[in-house]
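If you count by the UniProt record's numbering, then the sequence shown holds residues 1 to 261, one letter each, in order.
Note that CB positions come from ideal geometry on N, CA and C, so glycine has one too.
In what follows, a single structure is set out as structure tokens and then discussed.
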Amino acid sequence: MNVDVLGIGILGPGLEDWPAARSILTGLMPHTVRPTVKPIPHILPNVERRRSSEAARLTIKVADDALTMSDLPRDEVATVFTSSDGDGDITDKICESMAGSPGGVSPTLFHNSVYNAPAGYWSIGTGSRRSSTSLCAFDYSFAAGLLEAAAHTTIEQEAVLLVGYDLPFPEPLRAVRNVAHSLAVAFVLAPPRYGASLMRWWIELESPRPQTGIPDAIDRAVHANPMARSFPLLSVLASGQPQSIVLDYSNEQSLVVACEA
1 MNVDVLGIGI LGPGLEDWPA ARSILTGLMP HTVRPTVKPI PHILPNVERR
51 RSSEAARLTI KVADDALTMS DLPRDEVATV FTSSDGDGDI TDKICESMAG
101 SPGGVSPTLF HNSVYNAPAG YWSIGTGSRR SSTSLCAFDY SFAAGLLEAA
151 AHTTIEQEAV LLVGYDLPFP EPLRAVRNVA HSLAVAFVLA PPRYGASLMR
201 WWIELESPRP QTGIPDAIDR AVHANPMARS FPLLSVLASG QPQSIVLDYS
251 NEQSLVVACE A
């Protein structure tokens, strides 16, 4: 499968947007880890904005940045949302509620715990009625999301917005899932010659091979976030140089992305 990349969004610790991330990945500035900025989802109505989770706010920000770069209308692009763990803080609070005294779980917490809640908030904010898929594949979630988005783009011959995100767990869950920082990324993928392309990706499933490492420019404190597996592709986009990137897809297969400027 081959797809063009039309837009990019990123938000993470010390990674406020794509221009900042590009400067770090190309060595123009060091990566200083700071708490991830908490954006305000202006596209949401007031009621939904107040109820929205951190996961929804992060994903709306990167999705909007990527689509703005692509010049495609927000409400005319299908979406794929992918996450390994979802919102760790909400999971922790629900577990505490269930383990504590009777009283039930907050309706807002429960509503935001649904796995496709970020996709739902995006659809509400944009008025989009296009198809949307939300998936999870543990540490392989970014690769699985990329494959899903590329397949949709290839079969339907239309643009797809891929959004990946993962948020940290508080203790005691962090002891078994050591993700310390929030990270969200977004890519607008489209069939060749669909729009102004930043790069073309040729994507294939192949037999297992060593995964491409996360660039040294990215602080190791961020590497544990499953969405950090997107950084090799972001690095190639930042440099504009052709390269093949290998992502683990499972114990039995690798996803190979040949990048062409």
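Across which residues does DSSP place G259 in a beta bridge pair?
A small correction: the amino acid at residue 259 is Cys; Gly does not occupy that position in the sequence shown. W201 and Q243, per the DSSP bridge assignment.
Going by C-alpha to C-alpha distance, which of S83, A137 and A117 sits closest to R49?
Closest in C-alpha terms to R49, from the list S83, A137 and A117, comes A117.
Here's a check: name, in chain order, each residue in its chain whose Cβ is nearer than 8 Å to the Cβ of E16, leaving out the five neighbours to either side.
Spatial neighbours of E16 in its own chain (CB-CB distance under 8 Å, excluding positions within 5 residues in sequence) are listed in chain order as V37.
Roughly how many angstroms separate the alpha carbons of N2 and I203, rounded to a whole number?
Cα to Cα, the separation comes out at about 6 Å.
Element boundaries [beta strand (DSSP E), containing Y165]:
Under the DSSP assignment, Y165 falls in the beta strand (DSSP E) whose first and last residues are V160 to D166.
Do the CB positions of L167 and D87 come within less than 8 Å of each other?
Contact flag set, yes.
Along the beta strand (DSSP E) that carries P10, what are the first and last residues, could you check?
Note on identity: in this sequence residue 10 is Ile, with Pro being the wrong assignment. Its beta strand (DSSP E) spans residues N2 to L11.
For the alpha helix (DSSP H) containing V185, name the first residue and the last one.
First-last for V185: L183 to A190, but that is the beta strand (DSSP E), not the alpha helix (DSSP H).
Where do the N-terminal and C-terminal ends of the alpha helix (DSSP H) with M47 fall, by residue?
It should be noted that the sequence gives Val, not Met, for residue 47. According to the DSSP assignment, V47 belongs to the alpha helix (DSSP H) that extends over N46 to R51.
Three or more C-beta pairs closer than 8 Å, one from the region 190-198 and one from the region 99-113: is that the case here?
Counting Cβ pairs under 8 Å, fewer than three are found: no touch.
Does E171 come out as helix, strand or coil in the three-state DSSP assignment?
Note: E171 maps to coil in three-state DSSP.
Quick one: what's got a C-beta closer than 7 Å to L67's C-beta in the same chain, skipping five residues either side?
If we look at L67 and ignore the five residues flanking it on each side, its Cβ neighbours are G7, R74, V77, L161 and V188.
Look at the alpha carbon of D139 and the alpha carbon of L247, and state the distance between them as a whole number of angstroms.
Going from the Cα of D139 to the Cα of L247 covers about 11 Å.
How do the region 110-126 and the region 49-58 stand: do at least 3 beta-carbon pairs fall below 8 Å, yes or no?
Taking a cut-off of 8 Å for Cβ pairs, the region 110-126 and the region 49-58 touch, as three or more such pairs fall below it.
Across which residues does DSSP place T133 in a beta bridge pair?
DSSP, once it has assigned bridges, lists V80 as partnering T133.
Simplified DSSP assignment, three categories, for S254:
The answer is strand: DSSP assigns S254 an E or B state.
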